[in-house]
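Q: First the structure, which I've put down as structure tokens, then a few questions once you've had a look.
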Amino acid sequence: MDQRIIDLYDEYTHAPLPRRVFLERLTLLAGGAAGIPAILSQIEPNYALAAQVPENDPGIDAAMTGYPGPAGTVKAYRAAPKGLGKAPAVIVIHENRGLNPYVQDVARRVAKAGFVALAPDLLSPLGGTPADPDQARDLIAKLDRAAVVKDLQAAMTALRADTAVTGKVGAVGFCWGGGMVNQLAVAAPDLDAGVAFYGPIPEPAQAAAIKAPLLLHYAGLDQRINAGIPAYDEALKKAGVKHEIFMYEGVNHAFHNDTSAERFDKAAADLAWDRTIAFLKSALA
């Protein structure tokens, strides 16, 4: 697919652009309206594909739940391995499309790897994640970032009180959620590990507050996010923060999201996931 189309879709989902403007510009790039449905089927999420680990997998328990946040109950999806006794915990932080089937599947993958996974619906204060991903994107823009961080800190508290959890808590996030991993690491010195997939970068000066080891994954074609990497890397080094950065060349933002056929890159996604699980097992042991 023409990279300009993928870049336009990234602008649409993150700037964001109104859908009408997106479709007008997409029609120009495609040379007409006839091919638009086929293009959309390749770049927009198809949640029917989000089932690497079935909900009824016999090795895990998975269900919607909730935990107390500063402003009320935060809805969440919890997945935990069966028969392991206590396990470390991982907060799974969603993209700017909310707690959708892809994120729930990621939580189940985390549970299959031996962790108690908790995926908060950070749109809970606004009624929860709607079925329409564009509505979810618009609602995400209305959230107060400081309040979101407090809801994530409340998730840490809830997990440490969970009788199935050892007390160790890490976080993994994607896109907007990757940025929130960075923000949580800044705000919560007791976070035990953080993994950010192509997440927006905090102000470099904030790096001095980070205590958790970080694993940072980036997409080679993601110019929007990548522009801030050098300054963040330098600030983390200066602050003595243990961290590792991996750049996956030739792949797009959201390369881990297997519900978007055109942006998903299996080789990069598998490698980044293997690195993530190995890192979490080491950091949360």
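The opening residue of the sequence shown carries number 444 in this note's numbering; numbering runs sequentially from there.
Ideal placement from N, C-alpha and C gives every residue a C-beta, glycine not left out.
Remember, predicted model here, so these are calculated numbers, not experimental data.
(1) How long is the line joining the alpha carbons of residue 516 and residue 510, rounded to whole angstroms?
(2) What is the residue span of the alpha helix (DSSP H) that residue 713 lies within?
(3) Using CA atoms only, rank isn't needed, just tell me which of 578, 523, 502, 522 is closest to residue 462.
(4) Quick one: what's got a C-beta closer than 7 Å to residue 745's C-beta in the same chain, skipping five residues either side?
(5) Given a cut-off of 8 Å, decide if residue 642 and residue 620 are closer than it, judged by their beta-carbon atoms.
(6) With the cut-off set at 8 Å, would you say residue 414 and residue 564 are in Cβ contact?
(7) Give the C-beta separation of residue 494 and residue 548 to the nearest angstrom, bearing in mind that I take them to be a contact with Cβ-Cβ under 8 Å.
(8) From residue 551 to residue 567, what does the alpha carbon distance come to, in whole angstroms?
(9) Need the endpoints of the beta strand (DSSP E) that residue 640 sits in, please.
(10) By a C-beta neighbour count over all protein chains shown, 10 Å radius and 16 as the cutoff for buried, is residue 536 buried or exposed?
(11) Going by DSSP, what residue range makes up the beta strand (DSSP E) through residue 690?
(12) Assign residue 479 to one of two classes, buried (16 or more other C-beta atoms within 10 Å of its C-beta) or exposed (fewer than that).
(13) In the DSSP assignment, find the alpha helix (DSSP H) that holds residue 453 and state where it starts and stops.
(14) How would you label residue 703, buried or exposed, when you count the other beta carbons within 10 angstroms and need 16 or more for buried?
(15) Under the assumption that residue 696 contacts residue 453 (Cβ atoms under 8 Å), give the Cβ distance between them as a whole number of angstroms.
(16) Is the beta carbon of residue 698 sitting closer than 8 Å to the one on residue 662?
A: In short, the structure shows the following:
(1) Sequence index remark: in the sequence shown, residue 516 carries index 73 (1-based). Sequence index remark: in the sequence shown, residue 510 carries index 67 (1-based). Distance between the alpha carbons of residue 516 and residue 510 is about 6 Å.
(2) Within the sequence shown, residue 713 is the residue found at index 270, counting from 1. From DSSP, the alpha helix (DSSP H) with residue 713 extends over 709 to 726.
(3) Reading the sequence shown from its first residue, position 19 is the one you call residue 462. Closest by alpha carbon: 578.
(4) As shown, the chain starts at 444 and ends at 728. That puts residue 745 outside it, with no answer to give.
(5) Translated into positions along the sequence shown, residue 620 becomes position 177. Translated into positions along the sequence shown, residue 642 becomes position 199. A contact, by the Cβ cut-off of 8 Å.
(6) Residue 414 falls outside the range modelled here, since the chain spans only 444 to 728, and no answer is possible.
(7) As a working note, residue 494 is residue 51 in the sequence shown. As a working note, residue 548 is residue 105 in the sequence shown. Sure, about 6 Å apart at Cβ, within 8 Å.
(8) Counting from 1 along the sequence shown, the entry for residue 551 is found at position 108. Counting from 1 along the sequence shown, the entry for residue 567 is found at position 124. Rounded to the nearest angstrom, the two C-alpha atoms are 21 Å apart.
(9) Here residue 640 refers to the residue found at position 197 when the sequence shown is read from its first residue. Residue 640 -> beta strand (DSSP E) spans 636 to 640.
(10) Here residue 536 refers to the residue found at position 93 when the sequence shown is read from its first residue. That one is buried.
(11) Taking the sequence shown and counting its residues from 1, one reaches residue 690 at position 247. Unbroken beta strand (DSSP E) run through residue 690: 686 to 691.
(12) One-based indexing of the sequence shown puts residue 479 at position 36. Sixteen is the threshold: since fewer than 16 other Cβ atoms of the shown chains lie within 10 Å of the Cβ of residue 479, the residue is exposed.
(13) As a first step, residue 453 must be located in the sequence shown, where it is residue number 10. Looking at the DSSP string, the run of the alpha helix (DSSP H) that includes residue 453 is 446 to 457.
(14) In the sequence shown, counting from the first residue as 1, residue 703 sits at position 260. Answer is buried; the Cβ neighbour count reaches 16.
(15) By one-based count along the sequence shown, residue 696 stands at place 253. By one-based count along the sequence shown, residue 453 stands at place 10. The Cβ separation is near 6 Å, so the contact holds.
(16) Start at 1 with the first residue of the sequence shown, and residue 698 comes out as number 255. Start at 1 with the first residue of the sequence shown, and residue 662 comes out as number 219. In this structure, residue 662 lies closer than 8 Å to residue 698 by Cβ.
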